[in-house]
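For reference, the structure is listed below as structure tokens.
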Amino acid sequence: MSRWRHSRYVTVVDQVVSSLSNFALVALVANVSSPEVFGRFSLGYVILVFFLGFQRSLVGEVLLVRFSVQGATRKGFESAAGLALVVGVLGMLVLAAFAVAAPTDSVSVWLWLAVAAPLVLVQDVLRYILIAQRRSGYALLIDAAWAVISIGAMIGIVAVRGDPAWVIAAWALGALLSLVGGVIILRLLPRPVLGIRWFVANRDIAVRFSAEYSSLNLSTTLVWFALAVPLGAAGIAALRGASLLFSPVNTAFNAVRIAMIPELVRLRPSGRYARRLAETALILFGISVVWGVVVLLLPSGLGRMLLGATWDAAADLRWPNFVQAMMMVGYTALLAHFRVSSMHGQSTTMRGWLAGLTLAVPLALAVAFGTAGAAWGFAVAVGVAVVIGVLVTLRSRRSPGAPGLEGGDPDAI
461 MSRWRHSRYV
471 TVVDQVVSSL
481 SNFALVALVA
491 NVSSPEVFGR
501 FSLGYVILVF
511 FLGFQRSLVG
521 EVLLVRFSVQ
531 GATRKGFESA
541 AGLALVVGVL
551 GMLVLAAFAV
561 AAPTDSVSVW
571 LWLAVAAPLV
581 LVQDVLRYIL
591 IAQRRSGYAL
601 LIDAAWAVIS
611 IGAMIGIVAV
621 RGDPAWVIAA
631 WALGALLSLV
641 GGVIILRLLP
651 RPVLGIRWFV
661 ANRDIAVRFS
671 AEYSSLNLST
681 TLVWFALAVP
691 LGAAGIAALR
701 GASLLFSPVN
711 TAFNAVRIAM
721 IPELVRLRPS
731 GRYARRLAET
741 ALILFGISVV
751 WGVVVLLLPS
761 GLGRMLLGAT
771 WDAAADLRWP
781 NFVQAMMMVG
791 YTALLAHFRV
801 SSMHGQSTTM
811 RGWLAGLTLA
821 VPLALAVAFG
831 TAGAAWGFAV
841 AVGVAVVIGV
851 LVTLRSRRSP
861 GAPGLEGGDP
871 DAI
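Straight run, no breaks: the sequence shown in our numbering ends on number 873.
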């Protein structure tokens, strides 16, 4: 029973289950939308994902890196959840502002994404708290509840060819019910006012983690909007549809990273660290190859079932997305190593280069070669960033110790 309650394998499964509802949301919205509406939904979803990732870097990664060994009080975890709620409300306001300017056929899509933002972010941080407490089995439980409830409801809506806004509403409902389950299990309530205390106590790494994420993913968010100029909404839909086909790889990468960082932190002083890091990279490589072959051989009939009218354009973008997935193996392994080893300068350098490349290369290639050029641009950006990450690692003369993991007031997180 204790093995079920927490292990790295349960954590990996939890991350996969957590992403099922997100995958279903994007696929089912594509199924009931025109390429233009799906393209606008994709832009809104990019904004929501930006705030979700920002919350993970500001709160979730600090939980995993700093508090996987030392614990925190209930008050501290309530403070962390409170800060996540603040970020979620900010995301809601941004999405609502875009809804005001959206075309009539997309206003409700943007508004429901706005409603979902705080629910999704708070539910996500509760999951991270459970993992940091070595209770990943409960994290799996609340994520499974979200997946079952939301996917069942979304499929029912799609079956009657419902509006895409109602698909998003069903997804948000699942997030709400999962959030309530997490609150009951943890017996805590988010305390936004105390979130600032959490931030102050852990600003030494929280600021760097969130700044790295913001620079990288702000460039990603901006380039998606910039690409809408040369490619149009249909081109954005094609890029999003192709990336959706490889989203299980991204899910697996996040799952392995979330599961392995706490274990690597504990193994850092021992001789088993390098072996476990190499095993992690090998697992990521195997996942990329296997899933890439599956997607490349995907029959057109099944592709249209998943993506609807978007499939025809997205199918031509599978190869650049496969190459990008292969490049992400090295990037993910390097990032995990930098986090665990407190090589924050090296991490910032690699991610900073990726931010700049992501903003410039896809846009330049999109202007020259269209949608396919943009897809190859994303792959090139990751590949160059990996080379830079390897170079800064080789140049590093840091001590093998892991300074910077200690600290943090248990009451303040």
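Positions of the beta carbon are idealized from the N, C-alpha and C atoms, including for glycine.
Boundaries cannot be given for residue 563, as no alpha helix (DSSP H) includes it and DSSP labels it neither H nor E. If you check the CB distance, residue 552 and residue 577 come in under 9 Å. Between residue 616 and the set 485, 733 and 540, the nearest pair of CA atoms involves 485. By the criterion of a C-beta distance shorter than 7 Å, residue 629 is surrounded in its chain by 572, once the five residues flanking it on both sides are discounted. Sixteen is the threshold: when 16 or more other Cβ atoms of the shown chains lie within 10 Å of the Cβ of residue 521, as they do, the residue is buried. Excluding residues up to 5 positions away in sequence, 492 lie with their Cβ nearer than 8 Å to the Cβ of residue 621 in the same chain. The three-state reading of DSSP puts residue 620 in coil, since its state is none of H, G, I, E or B. In chain order, 810, 814, 842, 845, 846 and 849 place their CB closer than 8 Å to the CB of residue 791, counting only its own chain and leaving out the 5 sequence neighbours on each side. CA-CA distance, residue 677 to residue 510, rounds to 6 Å. By the Cβ criterion, the segment 641 to 659 is not in contact with the segment 474 to 490, since fewer than three pairs of Cβ atoms, one from each stretch, lie closer than 8 Å. A direct Cα-Cα distance of roughly 14 Å separates residue 667 from residue 547. In the DSSP assignment, residue 710 falls within the unbroken alpha helix (DSSP H) covering 707 to 727. Following the DSSP letters along the chain, one finds residue 822 inside the alpha helix (DSSP H) bounded by residues 804 to 829. Between the segment 780 to 791 and the segment 745 to 756, the count of C-beta pairs closer than 8 Å reaches three or more; the two stretches touch. Listed in chain order, the beta strand (DSSP E) elements of length 3 or more contained wholly in the segment 741 to 796 amount to none.
When the Cα atoms are used, residue 519 and residue 632 turn out to be separated by approximately 22 Å. Residue environment for residue 689: exposed (fewer than 16 other C-beta atoms within 10 angstroms of its C-beta). About 6 Å separates the Cβ atoms of residue 819 and residue 682, confirming a contact at the 8 Å cut-off. In the DSSP assignment, residue 649 falls outside any alpha helix (DSSP H) and carries neither an H nor an E.
Taking 9 Å as the cut-off, the Cβ atoms of residue 719 and residue 564 do not count as close. Your pair residue 756 and residue 782 checks out as a contact, with CB atoms roughly 6 Å apart and the cut at 8 Å.
The criterion of a C-beta distance shorter than 9 Å is satisfied by residue 835 and residue 780. For residue 482, the enclosing alpha helix (DSSP H) stretches over residues 468 to 492.
Put simply, of 762, 774 and 731 the residue whose alpha carbon is nearest the alpha carbon of residue 698 is 774. Spatial neighbours of residue 821 in its own chain (CB-CB distance under 7 Å, excluding positions within 5 residues in sequence) are listed in chain order as 837, 840 and 841. For residue 856, same chain residues with a beta-carbon under 7 Å away, outside a window of 5 residues either side, are 803 and 806 in chain order. Here the alpha carbon of residue 575 sits roughly 46 Å from the alpha carbon of residue 854. Counting along the chain, residue 519 sits inside no alpha helix (DSSP H), nor does DSSP assign it H or E at all.
Within the same chain, and ignoring the five residues on either side of residue 496 in sequence, the residues whose Cβ sits closer than 6 Å to its Cβ are 693.
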